[in-house]
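*Asks:* This note's numbering runs 15 ahead of the 1-based position in the first sequence. By construction, the Cβ of each residue, glycine as well, lies at the ideal position given by its N, Cα and C atoms. Please find one structure pasted underneath; my questions will follow.
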Amino acid sequence: MDVSHILDQLNPAQREAVTAPPGPMLVLAGAGSGKTRVLVHRMAWLIQVEGISPFSLLAVTFTNKAASEMRHRVEALQNMPVSGMWVGTFHGLAHRLLRAHWKEANLPQAFQVLDSDDQLRMVKRVLRNLELDETRWIPKHITGFINARKDEGLRPQHINSGGDPVQQQLLRIYTAYEVACQRAGVVDFAELLLRSLELLRDNEELRRHYRSRFRHVLVDEFQDTNTIQYAWVRLLAADKSGDGAHLFIVGDDDQAIYGWRGARVENIHSFKKDFPSCLMIKLEQNYRSTATILNAANALISRNDDRLGKNLWTQGKQGEPIKLYAAYNEQDEARYVIDSIKRWIELGNARSDAAILYRSNAQSRLFEEQLMFDGLPYRVYGGLRFFERAEIKDALAYLRLLANRSDDASFERVINQPTRGNGNKTLEQLRELARNMNLPLWQAAQTLLQQPGLTARAGNALRGFLQLVEGMHEAVKNLPLHEQTEHVIQHSGLLDLYRQEKGEKAEARVENLQELVNAARGYDFHNSDVVETDMLTAFLAHAALEAGEGQADAGEDCVQLMTLHSAKGLEFPLVFICGVEEGLFPSERARAEGGRMQEERRLCYVGITRARQQLVLTYAERRRLYGKDYYPLPSQFLGEIPAEYLQDVRFGNSKPSSPAGSKPQQQNGRGLMIGQRVQHQKFGEGMVTNYEGQGSHARVEVNFRNSGSKWLVLAYANLEVKA
DNA sequence: CTTGCAACACTTTTT
DNA sequence: GTGTTGCAAG
16 MDVSHILDQL
26 NPAQREAVTA
36 PPGPMLVLAG
46 AGSGKTRVLV
56 HRMAWLIQVE
66 GISPFSLLAV
76 TFTNKAASEM
86 RHRVEALQNM
96 PVSGMWVGTF
106 HGLAHRLLRA
116 HWKEANLPQA
126 FQVLDSDDQL
136 RMVKRVLRNL
146 ELDETRWIPK
156 HITGFINARK
166 DEGLRPQHIN
176 SGGDPVQQQL
186 LRIYTAYEVA
196 CQRAGVVDFA
206 ELLLRSLELL
216 RDNEELRRHY
226 RSRFRHVLVD
236 EFQDTNTIQY
246 AWVRLLAADK
256 SGDGAHLFIV
266 GDDDQAIYGW
276 RGARVENIHS
286 FKKDFPSCLM
296 IKLEQNYRST
306 ATILNAANAL
316 ISRNDDRLGK
326 NLWTQGKQGE
336 PIKLYAAYNE
346 QDEARYVIDS
356 IKRWIELGNA
366 RSDAAILYRS
376 NAQSRLFEEQ
386 LMFDGLPYRV
396 YGGLRFFERA
406 EIKDALAYLR
416 LLANRSDDAS
426 FERVINQPTR
436 GNGNKTLEQL
446 RELARNMNLP
456 LWQAAQTLLQ
466 QPGLTARAGN
476 ALRGFLQLVE
486 GMHEAVKNLP
496 LHEQTEHVIQ
506 HSGLLDLYRQ
516 EKGEKAEARV
526 ENLQELVNAA
536 RGYDFHNSDV
546 VETDMLTAFL
556 AHAALEAGEG
566 QADAGEDCVQ
576 LMTLHSAKGL
586 EFPLVFICGV
596 EEGLFPSERA
606 RAEGGRMQEE
616 RRLCYVGITR
626 ARQQLVLTYA
636 ERRRLYGKDY
646 YPLPSQFLGE
656 IPAEYLQDVR
666 FGNSKPSSPA
676 GSKPQQQNGR
686 GLMIGQRVQH
696 QKFGEGMVTN
706 YEGQGSHARV
716 EVNFRNSGSK
726 WLVLAYANLE
736 VKA
């Protein structure tokens, strides 16, 4: 059999991993070392050479994007669609299990998936029911608590409060939340994982079934797994009994940047202990970056402890030094970055080959303004995704109510959206009744209408809502999905509501609602992993599990803006990492909390290794953040990169272009400009960071080395200009 | 039920 | 500095 197409393009280490005999395997894959390629080729190898049926393969990733890329690449190697193979995210696969075995998992067949926003609302309702003060029991903290416990595999009954009243109260809320979810037939993200873990763990028949079915389980980005995800993988793993899957784990401990959301790098270490016979292969040859960039990254990350350890190398060129620009302030930083990008584009490069990376989303604004001023198309990653938009969630809530009347969260969301006379008072009565009789709100509403107590007007309004939902359900029952959607946004009044609103926002909302119809039309039920359910429920799960893109115009050639976190897995010829300052990157919180610096350093490592040809690091000497001025020190990470790889391009390298909001570089006849070093009789040495006004009113802002920043009237300040 | 104002937060993000 | 959210007045 000719296997050259599987092995030809692989280096020795990659080949060793791809062709390894069955058994636990840990592939330590450095940045840009061909990690996905190894996973994909391994799958092709198993199918084509080892003769493993795709039916016996399970591959799990963290994002839908990674999952679909993996599937496509396997199919490309295979030269045909591969069916029967399970490829998906942990959540997607868990969802698939629960759909297939809803009875065993003690769920209603039409159970719905809560996204984080739904979950937050749910918690707020629970708090209200328990009559707890939301200022003392902060809903966000509560969801954080619940999710963290679930991610550790802990139900309320597993947790010992140790007599701590706060802990006891939290457990009470956790318990009430679980009861409410169960009654409503909804499942949050963490619950998907926990419940499917419990399903496999406690149901011997099912466990046997899946353990004998899956011969190979491949896990991508293993350093990002949390406790329960690793437990889930282990349940399927081969043991002495002979059945169970061979685990093929791919990850990079140096790129573990999600500890703050429950990921445990330690799982990589545990894996070696849990599977002592495991093979470890390091992929250290990098195909992405110049030697300079790699050396800098290696030097930086070598400061971390407890690494499994690897050293990236390349056969490629030395490349340009890493540029380091010290901006006067954040405006200057933006101007420098965008000017550099403009020059780069003038050399014939694509806009999309340049990426601006930053630690926090708040930093994107200035870059956006500058890009807008210069007329450069750009795209900001992150932000609200399609299925998370309020109008979309409204429409989905109606659809969910059609699928499942017990979904209280959806009921509350739309009972008065658009307003139809169901006010707070009615809602309070409903909640009270639902609580007392232990009923979903829907049934409570029906009950309430049978009893006296509502005013005629309130009763009519409530009846109107119930009839609206029933009526829509009746009308829509046998229609295709997109017509159901269309009917619902029309007849619920949502479309009219937003049509009547004015402003760009409302227009966008109407468009989004129409886009939802298109999404429903395009939804491929048959291509989905979901079995044992109807089209509508499947679509709703799809909406919750795959929130969609943030912006529609992804296709255009544009400059890429994103956080360092969302840059993971991507690469760009030209990369800027901005705001490399103490307090921003590393973040203030990481600095304050001991032990968080290592993850911050890994984040820096991730950022550096995104760059293929040219890397530029920038920091500002003055930064305005949340309406306050800061004079940050350059990031300690800069000092951890050997100077031989760095080139200072401090001051004057940026061609001025008078962008929006910026001021001409020349300030009056004395040649004073931003960045100018000056001497003051009383305050000493400093640097001009800003100025305003003209002539005798002209004022400058000077950041003095020893006395901080001051505004001075130029005419009186008697500043001495330094070289 | 809508409108307006004050309080609040504000690292990172997928599912 | 900006945007969201919750509450009270109209």
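In whole angstroms, what is the alpha-carbon distance linking F540 and A81?
*Replies:* Along the first sequence, one-based indexing puts residue 540 at 525. Along the first sequence, one-based indexing puts residue 81 at 66. Those two C-alpha atoms are separated by around 20 Å.
*Asks:* Find the nearest neighbour of Q93 within the set I62, L214 and F70, judged by alpha-carbon distance.
*Replies:* Locating residue 93 in the first sequence gives position 78, where the first residue counts as 1. Of the listed residues, the one whose Cα sits closest to Q93 is I62.
*Asks:* Pull up the distance between the alpha-carbon of I296 and that of P39, whole angstroms please.
*Replies:* Start at 1 with the first residue of the first sequence, and residue 296 comes out as number 281. Start at 1 with the first residue of the first sequence, and residue 39 comes out as number 24. The straight-line gap from Cα to Cα measures roughly 11 Å.
*Asks:* For I188, which of R216, G159, G66 and E383 has the nearest alpha-carbon?
*Replies:* Locating residue 188 in the first sequence gives position 173, counting from the first residue. Closest by alpha carbon: G159.
*Asks:* May I ask you to verify whether the region 124–139 touches the region 163–172, counting CB pairs closer than 8 Å and requiring at least 3?
*Replies:* Touching, no, given that fewer than three Cβ pairs across the two stretches are closer than 8 Å.
*Asks:* Rounded to whole angstroms, what is the Cα-Cα separation between V75 and E498?
*Replies:* In the first sequence, the residue the question calls residue 75 occupies position 60. In the first sequence, the residue the question calls residue 498 occupies position 483. Roughly 34 Å separates the two Cα atoms.
*Asks:* Rounded to whole angstroms, what is the Cα-Cα separation between R366 and E596?
*Replies:* Along the first sequence, read from residue 1 onward, the residue named residue 366 stands at position 351. Along the first sequence, read from residue 1 onward, the residue named residue 596 stands at position 581. Going by the C-alpha atoms only, they are around 26 Å apart.
*Asks:* Quick check on the burial criterion: 16 or more other C-beta atoms within 10 angstroms. Buried or exposed for H110?
*Replies:* Position 95 of the first sequence, counted from the start, is the residue given in the question as residue 110. When all chains shown are included, H110 counts as buried.
*Asks:* Measure the alpha-carbon distance for M16 versus E65 and round it to whole angstroms.
*Replies:* Within the first sequence, numbered from 1, the residue matching residue 16 stands at position 1. Within the first sequence, numbered from 1, the residue matching residue 65 stands at position 50. Whole-angstrom Cα-Cα distance: 11 Å.
*Asks:* Go ahead and pull the three-state DSSP assignment for I353.
*Replies:* As a position in the first sequence, residue 353 is number 338, starting the count at 1. Correct three-state label for I353: helix.
*Asks:* Could you say which of L512, V53, I67 and N419 lies nearest to M85 if we only look at CA atoms?
*Replies:* Along the first sequence, read from residue 1 onward, the residue named residue 85 stands at position 70. Minimum Cα distance to M85 is reached at V53.
*Asks:* Would L262 pass as a contact of A252 if the rule is Cβ separation under 8 Å?
*Replies:* If you number the first sequence from 1, residue 262 lands on position 247. If you number the first sequence from 1, residue 252 lands on position 237. Cβ atoms of L262 and A252: closer than 8 Å.
*Asks:* Count the CB pairs spanning the region 373–393 and the region 495–511 that are closer than 8 Å, and state whether there are at least three.
*Replies:* Cβ pair count under 8 Å is below three, so no.
*Asks:* Between the alpha carbons of Q29 and M95, how many angstroms are there, rounded?
*Replies:* The sequence position of residue 29 within the first sequence is 14, counting from 1. The sequence position of residue 95 within the first sequence is 80, counting from 1. The alpha-carbon atoms of Q29 and M95 are separated by roughly 24 Å.
*Asks:* Pull up the distance between the alpha-carbon of V728 and that of V715, whole angstroms please.
*Replies:* Looking up residue 728 in the first sequence gives position 713. Looking up residue 715 in the first sequence gives position 700. Spanning the two alpha carbons is a distance of roughly 6 Å.
*Asks:* On the three-state DSSP scale, how would you describe T305?
*Replies:* On the first sequence, position 290 is the one that residue 305 refers to. Coil, per DSSP.
*Asks:* Beta-carbon separation of L43 and D267 under 8 Å?
*Replies:* Stepping through the first sequence from its first residue, residue 43 is reached at position 28. Stepping through the first sequence from its first residue, residue 267 is reached at position 252. A contact, by the Cβ cut-off of 8 Å.
*Asks:* Around the Cβ of Y373, are there at least 16 other Cβ atoms within 10 angstroms (buried) or fewer (exposed)?
*Replies:* For this step, residue 373 is matched to residue 358 along the first sequence. Buried, since its Cβ has 16 or more Cβ neighbours within 10 Å.
*Asks:* In angstroms, rounded to a whole number, what distance separates the CA positions of N218 and A115?
*Replies:* Stepping through the first sequence from its first residue, residue 218 is reached at position 203. Stepping through the first sequence from its first residue, residue 115 is reached at position 100. Taking the straight line from one Cα to the other gives about 14 Å.
*Asks:* Using a Cβ distance threshold of 8 Å, determine whether the region 612–632 contacts the region 314–332, with at least three qualifying pairs required.
*Replies:* Result yes; three or more Cβ-Cβ pairs closer than 8 Å.
*Asks:* When we look at the beta-carbon of L417 and count the other beta-carbons within 10 Å, is it buried (16 or more) or exposed?
*Replies:* Reading the first sequence from its first residue, position 402 is the one you call residue 417. L417 comes out buried.
*Asks:* Would you kindly work out how many angstroms separate the C-alpha atoms of Y634 and Y340, rounded to a whole number?
*Replies:* Working through the first sequence from its first residue, we reach residue 634 at position 619. Working through the first sequence from its first residue, we reach residue 340 at position 325. The straight-line gap from Cα to Cα measures roughly 7 Å.
*Asks:* Quick one: any contact between the region 275–294 and the region 227–247, if contact means 3 or more CB pairs under 8 Å?
*Replies:* As far as the Cβ criterion goes, the region 275–294 touches the region 227–247, which means the pair count is three or higher.
*Asks:* Below 8 Å on the Cβ atoms is my contact criterion, and I expect R617 with N527 to pass it. Report the Cβ-Cβ distance as a whole number of Å.
*Replies:* Start at 1 with the first residue of the first sequence, and residue 617 comes out as number 602. Start at 1 with the first residue of the first sequence, and residue 527 comes out as number 512. About 37 Å separates the two Cβ atoms, so there is no contact after all.
*Asks:* Given a cut-off of 8 Å on the beta-carbon distance, is the pair L386 and I360 in contact?
*Replies:* Reading the first sequence from its first residue, position 371 is the one you call residue 386. Reading the first sequence from its first residue, position 345 is the one you call residue 360. No. Outside cutoff.
*Asks:* In terms of residue numbering, what span does the alpha helix (DSSP H) encompassing Y413 cover?
*Replies:* Residue 413 sits at position 398 when you count from the first residue of the first sequence. Counting along the chain, the alpha helix (DSSP H) containing Y413 begins and ends at A405 to A418.
*Asks:* Taking Cβ to Cβ, would you say V18 is nearer than 8 Å to M58?
*Replies:* Here residue 18 is taken as the residue at index 3 of the first sequence, counted from 1. Here residue 58 is taken as the residue at index 43 of the first sequence, counted from 1. In this structure, M58 does not lie closer than 8 Å to V18 by Cβ.
*Asks:* Rounded to whole angstroms, what's the CA-CA distance from L212 to V265? Just pull it up for me.
*Replies:* Position 197 of the first sequence, counted from the first residue, corresponds to residue 212. Position 250 of the first sequence, counted from the first residue, corresponds to residue 265. C-alpha separation (whole angstroms): 21 Å.
*Asks:* Going by the CB atoms, is the gap between N301 and P588 shorter than 8 Å?
*Replies:* Taking the first sequence and counting its residues from 1, the one referred to as residue 588 is at position 573. Taking the first sequence and counting its residues from 1, the one referred to as residue 301 is at position 286. The answer is no: Cβ separation not under 8 Å.
*Asks:* Identify the residues that DSSP records as bridge partners of F587: which are they?
*Replies:* Here residue 587 refers to the residue found at position 572 when the first sequence is read from its first residue. Bridge partners of F587: A626.
*Asks:* In or out: W457 buried (at least 16 other Cβ within 10 Å) or exposed?
*Replies:* As a working mapping, residue 457 is identified with position 442 in the first sequence. Under this definition W457 is a buried residue.
*Asks:* Name the DSSP bridge partner or partners of Q238?
*Replies:* The residue labelled residue 238 in the question sits at position 223 within the first sequence. None, per the DSSP bridge assignment.
*Asks:* By DSSP's criteria, S602 is part of a beta bridge. Which residues make up the other side?
*Replies:* Here residue 602 refers to the residue found at position 587 when the first sequence is read from its first residue. Note: S602 sits in a beta bridge opposite G598 and L599.
*Asks:* Return the chain-ordered list of same chain residues with a C-beta closer than 7 Å to the C-beta of D422, the five sequence neighbours on each side being excluded.
*Replies:* Numbered from 1 along the first sequence, position 407 holds the residue referred to as residue 422. Closer than 7 Å at Cβ, skipping near neighbours: Q127, A199, G200, V201, R415 and L416.
*Asks:* I'd like the span of the beta strand (DSSP E) that includes L372, first residue to last.
*Replies:* Within the first sequence, residue 372 is the residue found at index 357, counting from 1. A369 to Y373 is the span of the beta strand (DSSP E), which, as asked, contains L372.
*Asks:* Mind checking which residues open and close the alpha helix (DSSP H) that includes V181?
*Replies:* On the first sequence, residue 181 is found 166 positions in, with the first residue counted as 1. Looking at the DSSP string, the run of the alpha helix (DSSP H) that includes V181 is P180 to A199.
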